[in-house]
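A.B. asks: Take this structure first; my questions come after.
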Amino acid sequence: MKVEVKLFGAFRDYEADARVTLELTPEAKVADVRDALAAYAGAHWPQFCPKLLKYSAFASERAVLREGDPIPADGRMAVLPPVSGG
Amino acid sequence: MKVEVKLFGAFRDYEADARVTLELTPEAKVADVRDALAAYAGAHWPQFCPKLLKYSAFASERAVLREGDPIPADGRMAVLPPVSGG
Amino acid sequence: MDAPAAPRHHCAVVDIATDKLDPAAALEFVSDPGFGGITMFVGRVRDLNHGRVVTGVSYDMFDALALNGFAEIAARGEAQFGPKLKLYIAHAKGRLGIGDLAVVVAAGTPHRDEAFRACRLAIEAVKHESPVWKQEHYADGDSVWSEGCSLCGHDAHAPAGEGLAP
Amino acid sequence: MDAPAAPRHHCAVVDIATDKLDPAAALEFVSDPGFGGITMFVGRVRDLNHGRVVTGVSYDMFDALALNGFAEIAARGEAQFGPKLKLYIAHAKGRLGIGDLAVVVAAGTPHRDEAFRACRLAIEAVKHESPVWKQEHYADGDSVWSEGCSLCGHDAHAPAGEGLAP
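Residue numbers (the working numbering), protein chains in the order written: chain A, 1 to 86; chain B, 87 to 172; chain C, 173 to 338; chain D, 339 to 504.
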């Protein structure tokens with residue numbers, strides 16, 4: 001299945017349209033999306049610091065997801081670097 | 087010397103002009119003013135509850151005074167019942 | 173950093189017969205290009221107290237001593253949080269209706285933790301130490317001076333429910 | 339006491355290209371005839387951070403998730419302080435200049451202690467949990483995404499100074 005990952009904060013610097021589309025199996029978990037995004041970053045973002053992804057979470061529009069959670073059925077996700085609001 | 091004591095809060099209910107003038111010796115302390123006010127209240131304020139004075143402090147315009155402090159040179163004081171601002 | 177030239181503390185007694193408390197002015201006063209955090213407390217007159225329907229309150233105040241006390245509270249805040257603090261303390265006096273503002277305290281600091289702590293310090297001091305007395309007026313026509321905090325050093329708080337008021 | 343009919347919590351993401359944060363509206367929203375205490379926190383853009391001269395900041399936000407989170411924070415406040423609480427949470431997004439308001443949080447309650455605690459709970463949660471990212475712009479033309487709090491459950495805070503941003 002195709003999973004569209006929205007990019008926020010520091011991730012925005014790597015893709016002009018602030019999103020990445022990854023191909024994953026239907027039974028993939030959030031941890032697999034993390035691995036797939038790491039692979040994508042390694043291939044496409046030469047300046048990327050892997051620590052940013054290490055400290056980032058994944059989320060749907062409704063909640064932050066855990067590593068073992070399934071991918072949202074609509075294939076829409078976001079990667080959330082450490083937050084700095086307020 | 088004459089000491090004018092301004093009345094605030096619950097004390098206002100006892101004197102229309104919110105002040106009492108007491109006669110004290112020049113070497114009198116704040117504790118003596120307290121005693122003199124208690125005597126005045128006993129003589130003039132039939133509804134007065136002595137506890138109100140017990141929990142009240144005396145002050146000048148600049149500071150709350152202690153029992154052993156001398157009377158301010160200008161003879162102007164205030165009696166402060168328990169405070170309830172805010 | 174040197175202390176700025178403008179006054180850093182604003183202390184006021186506001187007679188609501190002719191004036192009113194202004195939270196927007198408080199925010200403005202404690203703002204500073206170097207400050208990221210502002211905490212403000214606004215105290216309002218409630219419609220119920222200890223189960224009685226309140227129609228309004230009157231605040232009596234010993235103005236000169238209160239203003240001295242507010243300035244002393246500000247000095248205490250500065251001693252605790254340093255000169256990068258702006259503090260605004262204003263208390264109403266006179267007859268207030270339900271919802272009217274009784275007190276506005278605001279603190280501006282570089283970071284939020286100090287702003288919260290300075291604001292709390294100031295409102296607690298105003299409540300517990302300032303020569304201000306509240307008389308509540310009830311729907312049944314009765315009026316009662318609130319019991320409060322004794323300023324006698326030997327006994328910091330009057331016991332509740334002892335009926336100090338006549 | 340039954341819960342009042344009007345909404346007790348206001349949560350908003352404010353795009354400052356077209357709108358702005360409004361502390362007066364926050365005070366008004368959390369007011370209630372039964373409430374004696376209102377505490378408000380206002381976060382503003384500072385002119386200096388870690389010694390660098392800041393000319394402005396940009397806030398990026400995942401709006402839908404942020405609004406969900408604000409509502410969850412309000413629910414947490416109600417669980418802790420009960421239904422006699424009104425809470426206002428609004429965060430700016432977009433490009434802000436020095437002194438512009440970044441966040442406004444206000445809490446109204448019957449008494450002041452709960453107002454302070456609810457306001458603090460809310461701003462801490464907004465700062466530590468909400469999907470909001472700050473990019474600082476400096477006088478020298480450089481821009482840097484602030485390091486922040488990791489939302490990964492296994493590691494609550496990213497270590498400071500590790501250079502997460504490129």
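In this text, a Cβ means the ideal position worked out from N, Cα and C, and glycines have one as well.
Please confirm if A31 of chain A has its CB atom under 9 Å from at least one CB of chain D.
C.D. replies: Counting from 1 along the first sequence, the entry for residue 31 of chain A is found at position 31. Not one chain D Cβ lies under 9 Å of A31 of chain A.
A.B. asks: Taking a contact to mean a Cβ-Cβ separation below 9 Å, would you say I71 of chain A touches V30 of chain A in this structure?
C.D. replies: Within the first sequence, numbered from 1, the residue matching residue 71 of chain A stands at position 71. Within the first sequence, numbered from 1, the residue matching residue 30 of chain A stands at position 30. Cβ distance < 9 Å, so I71 of chain A and V30 of chain A count as in contact.
A.B. asks: Let me make sure I understand the geometry here. Which of B:P132, B:A102, B:A159, B:S146 has the alpha-carbon closest to that of V165 of chain B?
C.D. replies: Walking along the second sequence from the start, residue 165 of chain B turns up at place 79. Of the candidates B:P132, B:A102, B:A159, B:S146, the one whose C-alpha sits nearest the C-alpha of V165 of chain B is B:S146.
A.B. asks: If we cut at 9 Å on Cβ distances, does T91 of chain B have a partner in chain C?
C.D. replies: Taking the first residue of the second sequence as position 1, residue 91 of chain B is located at position 5. Per the sequence presented here, residue 91 of chain B reads as Val, with Thr not at that position. So no, V91 of chain B is outside the interface.
A.B. asks: Helix, strand or coil: how does DSSP classify K465 of chain D here?
C.D. replies: As a working mapping, residue 465 of chain D is identified with position 127 in the fourth sequence. DSSP places K465 of chain D in helix when its eight states are reduced to three.
A.B. asks: With 16 other CB atoms within 10 Å as the buried threshold, where does Q133 of chain B fall?
C.D. replies: As a working note, residue 133 of chain B is residue 47 in the second sequence. Flag for Q133 of chain B reads exposed.
A.B. asks: In chain order, what residues of the same chain lie with their CB nearer than 6 Å to the CB of F367 of chain D, ignoring the 5 residues before and after it?
C.D. replies: For the purposes of this step, residue 367 of chain D is identified with residue 29 of the fourth sequence, where counting begins at 1. Excluding sequence neighbours, F367 of chain D sits near H348, Y426.
A.B. asks: Give me, in chain order, the residues of the same chain whose beta-carbon lies closer than 7 Å to that of L110 of chain B; leave out the 5 immediate sequence neighbours on both sides.
C.D. replies: Sequence index remark: in the second sequence, residue 110 of chain B carries index 24 (1-based). Excluding residues within five positions, the ones whose Cβ falls inside 7 Å are M87, V89, D118, V119, A122, I157.
A.B. asks: Just by C-beta distance, which residues in the segment 210-233 of chain C are closer than 8 Å to chain B?
C.D. replies: Listed by position, the residues of the segment 210-233 of chain C near chain B (Cβ gap below 8 Å) are G215, Y231, D232, M233.
A.B. asks: Let's see if you can read the secondary structure: which residues bound the alpha helix (DSSP H) around I245 of chain C?
C.D. replies: Mapped onto the third sequence, residue 245 of chain C falls at position 73. From DSSP, the alpha helix (DSSP H) with I245 of chain C extends over 235-253.
A.B. asks: Are any of the Cβ atoms in chain B nearer than 9 Å to that of G325 of chain C?
C.D. replies: Stepping through the third sequence from its first residue, residue 325 of chain C is reached at position 153. Output row for G325 of chain C: interface = yes.
A.B. asks: If you measure between the beta carbons of Y467 of chain D and G407 of chain D, is that distance less than 9 Å?
C.D. replies: Position 129 of the fourth sequence, counted from the start, is the residue given in the question as residue 467 of chain D. Position 69 of the fourth sequence, counted from the start, is the residue given in the question as residue 407 of chain D. Inspection of the sequence shows that residue 467 of chain D is occupied by Glu rather than by Tyr. In this structure, G407 of chain D lies closer than 9 Å to E467 of chain D by Cβ.
A.B. asks: Give the straight-line distance between the Cα atoms of F58 of chain A and R66 of chain A, rounded to the nearest whole angstrom.
C.D. replies: Mapped onto the first sequence, residue 58 of chain A falls at position 58. Mapped onto the first sequence, residue 66 of chain A falls at position 66. Between F58 of chain A and R66 of chain A, the C-alpha separation is close to 8 Å.
A.B. asks: R436 of chain D versus chain C: which residues are under 9 Å apart at the beta carbon?
C.D. replies: Numbered from 1 along the fourth sequence, position 98 holds the residue referred to as residue 436 of chain D. Note on residue identity: the sequence assigns Ile, not Arg, to residue 436 of chain D. Correct list: P205.
A.B. asks: Quick check on D74 of chain A - is its C-beta less than 9 Å from some C-beta in chain D?
C.D. replies: One-based indexing of the first sequence puts residue 74 of chain A at position 74. No, no contact with chain D.
A.B. asks: Given that V82 of chain B touches chain C, what residues does it touch there, using C-beta distances under 7 Å?
C.D. replies: For chain B, the structure presents residues 87 to 172; residue 82 of chain B sits outside this window and is missing.
A.B. asks: When you compare the CB positions of T211 of chain C and A274 of chain C, do they come within less than 9 Å of one another, or not?
C.D. replies: Position 39 of the third sequence, counted from the first residue, corresponds to residue 211 of chain C. Position 102 of the third sequence, counted from the first residue, corresponds to residue 274 of chain C. Contact flag unset, no.
A.B. asks: Could you name the residues of chain A that E485 of chain D contacts, counting a contact when the two beta carbons are closer than 8 Å?
C.D. replies: Counting from 1 along the fourth sequence, the entry for residue 485 of chain D is found at position 147. By Cβ distance, chain A contributes P82, S84.
A.B. asks: For the segment 458-465 of chain D against the segment 382-396 of chain D, are there 3 or more C-beta pairs whose distance is under 8 Å?
C.D. replies: No: fewer than three Cβ pairs fall under 8 Å.
A.B. asks: I want to see whether chain C comes within less than 9 Å of D99 of chain B, judged by CB atoms only; does it?
C.D. replies: Translated into positions along the second sequence, residue 99 of chain B becomes position 13. So yes, D99 of chain B belongs to the interface.
A.B. asks: For Y426 of chain D, which residues does DSSP report across the bridge?
C.D. replies: The count along the fourth sequence starts at 1 and reaches residue 426 of chain D at position 88. Y426 of chain D is bridged to D:H348, D:A444.
A.B. asks: Near G333 of chain C, what residues of its chain come up, given a Cβ to Cβ distance below 8 Å and the 5 sequence neighbours on each side ignored?
C.D. replies: Position 161 of the third sequence, counted from the start, is the residue given in the question as residue 333 of chain C. Low confidence applies here, because G333 of chain C scores a pLDDT of 40, under 50, leaving its location unreliable; read the following figure in that light. Cβ within range, chain order: E319.
A.B. asks: Please list the terminal residues of the continuous beta strand (DSSP E) segment that includes E15 of chain A.
C.D. replies: If you number the first sequence from 1, residue 15 of chain A lands on position 15. Looking at the DSSP string, E15 of chain A is not in any beta strand (DSSP E), and its letter there is neither H nor E.
A.B. asks: Just reading off the beta strand (DSSP E) that R216 of chain C is part of, what are its end residues?
C.D. replies: If you number the third sequence from 1, residue 216 of chain C lands on position 44. Looking at the DSSP string, the run of the beta strand (DSSP E) that includes R216 of chain C is 209-216.
A.B. asks: Give me, in chain order, the residues of the same chain whose beta-carbon lies closer than 8 Å to that of Y100 of chain B; leave out the 5 immediate sequence neighbours on both sides.
C.D. replies: Position 14 of the second sequence, counted from the first residue, corresponds to residue 100 of chain B. For Y100 of chain B, where only same-chain residues beyond five positions count, the Cβ hits under 8 Å are L93, A127, H130, W131, Q133, F134.
A.B. asks: Following a CB-centred definition, is V91 of chain B positioned closer than 8 Å to any heavy atom of the ligand ZN?
C.D. replies: Absence of the ligand ZN is noted for the structure shown, with no ligands found whatsoever.
A.B. asks: So, is the C-beta of I354 of chain D closer than 9 Å to a C-beta in chain C?
C.D. replies: Here residue 354 of chain D refers to the residue found at position 16 of the fourth sequence. No, its Cβ sits nowhere closer than 9 Å to a Cβ of chain C.
A.B. asks: Can you list, in chain order, the residues of the segment 439-463 of chain D whose Cβ is nearer than 8 Å to any Cβ on chain A?
C.D. replies: Of all residues in the segment 439-463 of chain D, A440, V441, I461 have a Cβ within less than 8 Å of some Cβ in chain A.
A.B. asks: Which word fits E308 of chain C, buried or exposed, when buried means at least 16 other C-beta atoms lie within 10 angstroms of its C-beta?
C.D. replies: Sequence index remark: in the third sequence, residue 308 of chain C carries index 136 (1-based). With 16 or more other Cβ atoms within 10 Å, it is buried.
A.B. asks: Assuming contact is defined by CB atoms lying nearer than 9 Å, are S481 of chain D and S369 of chain D in contact in what I supplied?
C.D. replies: As a working mapping, residue 481 of chain D is identified with position 143 in the fourth sequence. As a working mapping, residue 369 of chain D is identified with position 31 in the fourth sequence. Going by C-beta atoms, S481 of chain D is not nearer than 9 Å to S369 of chain D.
A.B. asks: Which same chain residues end up closer than 8 Å to G75 of chain A when comparing Cβ atoms and leaving out the 5 residues on each side of it in sequence?
C.D. replies: Along the first sequence, read from residue 1 onward, the residue named residue 75 of chain A stands at position 75. Same-chain partners within the cutoff: M1, K2, V3, E4.
A.B. asks: Got a sec: is the Cβ-Cβ distance from P513 of chain D to anything in chain A below 9 Å?
C.D. replies: The displayed coordinates of chain D run from 339 to 504. Any statement about residue 513 of chain D would go beyond what the structure contains.
A.B. asks: DSSP has H475 of chain D in a bridge; who is on the other side?
C.D. replies: If you number the fourth sequence from 1, residue 475 of chain D lands on position 137. According to DSSP, H475 of chain D bridges with D:G394, D:S481.
A.B. asks: Establish whether the CB of A362 of chain D and some CB of chain C are separated by less than 9 Å.
C.D. replies: Within the fourth sequence, the letter at position 24 stands for residue 362 of chain D. By this cut-off, A362 of chain D is an interface position.
A.B. asks: Can you tell me which of the three DSSP states F454 of chain D falls into?
C.D. replies: As a position in the fourth sequence, residue 454 of chain D is number 116, starting the count at 1. It is helical.
A.B. asks: What did DSSP end up calling K431 of chain D once you bin it into helix, strand or coil?
C.D. replies: Here residue 431 of chain D refers to the residue found at position 93 of the fourth sequence. If DSSP states are grouped into helix, strand and coil, K431 of chain D belongs with the strands.
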